[in-house]
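A short write-up of the structure that comes next.
There are 2 protein chains.
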Amino acid sequence: MKIFIIFLSLPKVYIQPPLWYNARAMENPRENPLPLPTIRRYPIFLRAIGEMMDAGEAFISSSVLAERLGLDPVLTRKDLAMAGVPGRPRRGYPAGELRAAINRALGWDSATDAVLVGAGSLGSALLGYAGFKEQNLSIVAAFDANPRLAGSTVHGVKVRPLAEMARLVRRLKVHLAILTVPTAAAQACAETLVEAGVRGILNFSSAQLSVPEGVIVQNVDLAQPLAVLSHAIARHG
Amino acid sequence: MKIFIIFLSLPKVYIQPPLWYNARAMENPRENPLPLPTIRRYPIFLRAIGEMMDAGEAFISSSVLAERLGLDPVLTRKDLAMAGVPGRPRRGYPAGELRAAINRALGWDSATDAVLVGAGSLGSALLGYAGFKEQNLSIVAAFDANPRLAGSTVHGVKVRPLAEMARLVRRLKVHLAILTVPTAAAQACAETLVEAGVRGILNFSSAQLSVPEGVIVQNVDLAQPLAVLSHAIARHG
DNA sequence: TTCATATCGCTACTTGAATACCGATAACGA
DNA sequence: TCGTTATCGGTATTCAAGTAGCGATATGAA
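Residue numbers (my numbering), protein chains in the order written: chain D, 24 to 260; chain Z, 24 to 260.
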């Protein structure tokens, strides 16, 4: 009797167990980063939690929150669990602690300073954006290359000439910059900012910034969501 | 002699072959949607391809493009392959055809009309955004609830009272709307727009819009990239 | 007091995208 | 003319994230 065993494909063996989402994930945030999609959903959760607390809720259940936001309840629960606050059956998560934990995870628990570079129409609009204070972010200075703008005050922030930027950023120890300059000027500005100690840049220009390791750039590109939208409309139309 | 065969985990069998990235993917776009990340990268590619064409390049190779944008060459090649234009060894993809194909995939090959709702500071800034014309998008009308703004002209677009919105959107057969109204007003505006025939909404408010099936909403939430940024800074700091 | 149940927290599975790898081929230089 | 090689186009693998299912448990009602 002969026995033939043919492996068409090797069975998949998990050497490492799949990532488990539990409170311990927060014990050492250095080695347990939050999933990126989770981080992006946190601000949305924060708003909803705030509204529910204003309405007098002391506990937030994942199912109620999910329904309110149109998300999957399980996904929501995992996100909330990552914050490290234990929930209670039939009640949910304690609202105050949950909000505090999420804010802590995002670094929004203590005040952060930022500068804005480029006080054109978009930059001016951002100076008036109310949402920043919810995130404990204050724009301490604005800069613009145009000497005509320099000296004016937009939404309570004085606009200074670009030449002062490096010195002021270094002196105020600002680590975050919002870049709303024309694409052609973006790379040079970024280099000056990094040189002066900036560690994170919110880049509204369409330039692909190249920065040294350790500096984080987040691009806000209007064309991207527009592409998703028009692609979907073109397909379904 | 006894033989024990123990299956600790069943081998994974691919009933369907893994999605292969080839020219045929574009044959029937209805059933072969592009991966979302690819769609989001396309606008970035388009800009770079345009610049390279301006510099006289007739062919675009994935490796050169990837280097320019700081992306993985393989990933870039897959994205370009999805556009359906065959490339040539040692040359790359024909620049003009490639650009046309990507524009077609995004629905940017023919002119599209849009309306802007909410002519506040952000709305005004968007009316001046030069990038829209690269995407063949023209904002044909702007609306605002504030009667003081209605009647004025911002960046060449006349601002009209909100009451005229439904009628005008229906008459002009506009399918795309840019929503820059305060959060409290967003849901009501969205419903009016959808009722009037709008199929896609670029939502800059922080409201979670609920819309009927078939209508696509893309949220542009400034807090999200900011969350990613400050989380990363908080971790590495 | 007891029971029904909403919700949590965990494990397992599926899906989608990124990455690795490699043979085929056309352009280029010797 | 002929080898070298950059680049394409395809398959397989790995990884991250979303989804499913289910036992445990505290709450609130009977």
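Yeah, the Cβ is synthetic: ideal placement off N, Cα and C, and Gly gets one too.
By the Cβ-count criterion, Leu225(Z) is buried, with 16 or more other Cβ atoms from all chains shown falling within 10 Å of its own Cβ. Interface criterion met: the Cβ of Gln231(D) is under 7 Å from a Cβ in chain Z.
Of all alpha-carbon atoms in Ala219(Z), Leu69(Z), Glu236(Z), the one lying nearest the alpha-carbon of Val138(Z) is that of Ala219(Z). For the region 132-213 of chain Z, the continuous beta strand (DSSP E) assignments of 3+ residues that do not extend past its boundaries occur at 135-140, 160-167, 180-184, 199-202, in sequence order. For the 7 Å CB-CB criterion, Ile83(Z) and Gly115(Z) form a contact. In terms of Cα proximity to Gly141(Z), the closest of Pro58(Z), Ala208(Z), Gly73(Z) is Ala208(Z). Under the 7 Å criterion on CB atoms, Gln210(D) is classed as non-interfacial with respect to chain Z.
At least one CB of chain D lies nearer than 7 Å to the CB of Ser144(Z).
A Cβ-Cβ contact shorter than 7 Å links Val177(Z) with Ser147(Z). By the rule that beta-carbons nearer than 7 Å mark a contact, Leu129(D) touches chain Z. Sorting Glu74(D), Leu185(D), Leu94(D), Gly179(D) by C-alpha distance to the C-alpha of Pro170(D) places Leu185(D) at the top. Boundaries of the beta strand (DSSP E) harbouring Gly223(D): 223-226, taken from the DSSP string.
Residues are counted here when their Cβ sits less than 9 Å from a Cβ of chain D; for the region 56-76 of chain Z these are Pro56, Leu57, Leu59, Ile62, Arg63, Arg64, Tyr65, Pro66, Ile67, Leu69, Arg70, Ala71, given in chain order.
Shown here for Leu172(Z): same chain residues with a beta carbon closer than 6 Å to its own, the five before and five after excluded, namely Ala142, Val182 in chain order.
A residue is called buried when at least 16 other Cβ atoms come within 10 angstroms of its Cβ; Val204(D) meets this threshold and is buried. Taking the C-beta atoms as reference points, Ile62(D) is found no nearer than 7 Å to Val221(Z). Under the three-pair Cβ rule at 8 Å, the region 231-251 of chain D counts as touching the region 209-216 of chain D. Close partners of Ser147(Z) in chain D (Cβ separation under 8 Å): Ser144, Ala148. Using beta-carbon distances, Val108(Z) does not count as an interface residue toward chain D, since no partner is under 7 Å. With fewer than 16 other beta carbons inside 10 angstroms of its own, Val97(Z) counts as exposed. Residue-level contact by beta carbon holds for Leu252(Z) and chain D, with a gap shorter than 7 Å.
Restricted to the region 92-128 of chain Z, the alpha helix (DSSP H) segments that are unbroken, complete and at least 4 residues in length are 96-105, listed in chain order. Under a 10 Å Cβ-count criterion, Leu59(D) is classified as exposed, with fewer than 16 other Cβ atoms of the shown protein chains found around its own Cβ.
For Val240(Z), DSSP records a beta bridge to Ile224(Z). Taking C-beta atoms under 8 Å as the contact rule, Ala128(D) and Leu57(D) qualify, at a distance of about 6 Å. Separation of His198(D) and Gly223(D) (C-alpha to C-alpha, rounded to the nearest whole angstrom) is 6 Å. Looking at the DSSP output, Ile62(Z) bridges to nothing. Taking every protein chain shown into account, the CB of Pro109(D) has fewer than 16 other CB atoms within 10 angstroms, so this residue is exposed. For the region 83-104 of chain Z, the beta-carbon criterion of a distance under 7 Å to any beta-carbon of chain D is satisfied by Leu92, Gly93.
Within its own chain, the residues whose Cβ lies closer than 7 Å to the Cβ of Glu120(D), once the five positions on either side in sequence are excluded, are Val108, listed in chain order.
Under the DSSP definition of a beta bridge, Phe82(D) partners with Pro117(D). Within the same chain, and ignoring the five residues on either side of Ala246(Z) in sequence, the residues whose Cβ sits closer than 8 Å to its Cβ are Ser229. Counting only the Cα atoms, Arg111(D) lies some 18 Å from Gly79(D). Linking Ser144(D) to Phe227(D) through their CA atoms gives a straight-line distance of about 12 Å.
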